[in-house]
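Asks: Those letters in the sequence shown? Residues 642 to 815, by the working numbering.
Each residue gets a CB set at the ideal place from its N, CA and C atoms; glycine is no exception.
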Amino acid sequence: MPAKTARDLWTFSLAVYDQPGVAAACLGLQDRHGLDVNLLLFCCWAGVCGQTLNAAKLRKLEEAVESWSREVVNPLRAVRRRLKTEPDDAAQDLRAKVLQLEIEAERLEQVRLLAALPLAAGDPEPRLAGANLRAYVLSRKVEATESEIAELATLLGASFPDLPPLLAVWYLLP
């Protein structure tokens, strides 16, 4: 089967992230636990491609984007968040420009993820996406509380729109 492209991953990510509750869920996991939103989305994308991410693959993915995220994405995010508190229009115009740069940096991070671990098209499998999310959370030593499972289930459900919410939660449980 042909490999999926970075454009496919980006299109998927934008569509999922735009679903109700997904941005808040991803940002909550990012802000509270340091989880990478692009890696969360990649975990779901791998499930859409019918692929499993084990600890070694997750480590490889994290290594592929660690410095980019730390040195490019995170500083842009910090600047954008700082500008949010500025009342003047010029600062808000700058904030909008920084947001566009941050989004482009996120897209380039996804290019790096897919370069580190190309994925062939396969049959979409929400169970695998759930296992991938669980493996990523465990690799980061995040305790999967009720709140975290609910946020992950929101992401999983948005990735597989026909998946019943209770089944999304079930796929995230050990």
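What span of residues does the alpha helix (DSSP H) with S704 cover, start to end?
Replies: Note on identity: in this sequence residue 704 is Glu, with Ser being the wrong assignment. 696-709 is the extent of the alpha helix (DSSP H) around E704.
Asks: Under 7 Å between C-beta atoms, does V714 make it to chain D?
Replies: Of the protein chains in the structure, only one exists, and it is not chain D.
Asks: How many Å lie between R748 and P815 at the Cα?
Replies: Distance between the alpha carbons of R748 and P815: 31 Å.
Asks: Assuming contact is defined by CB atoms lying nearer than 7 Å, are K645 and L758 in contact in what I supplied?
Replies: Result no, Cβ atoms of K645 and L758 do not sit closer than 7 Å.
Asks: For L676, tell me which candidate among E784, G662, Q692 has the shortest Cα-Cα distance.
Replies: Among E784, G662, Q692, the Cα nearest to that of L676 is on E784.
Asks: For the putative contact between L769 and Q692, defined by C-beta atoms under 8 Å, what is the C-beta separation to the nearest angstrom?
Replies: The pair is a contact, with the Cβ atoms about 7 Å apart (cut-off 8 Å).
Asks: Could you tell me which of W811, S708, G688, L668 sits nearest to R753, measuring between CA atoms?
Replies: Here the closest residue by C-alpha is S708.
Asks: Could you work out which residue in L779, L808, L807, P805 is closest to C684 when comparing CA atoms only?
Replies: Out of L779, L808, L807, P805, L779 has the C-alpha closest to the C-alpha of C684.
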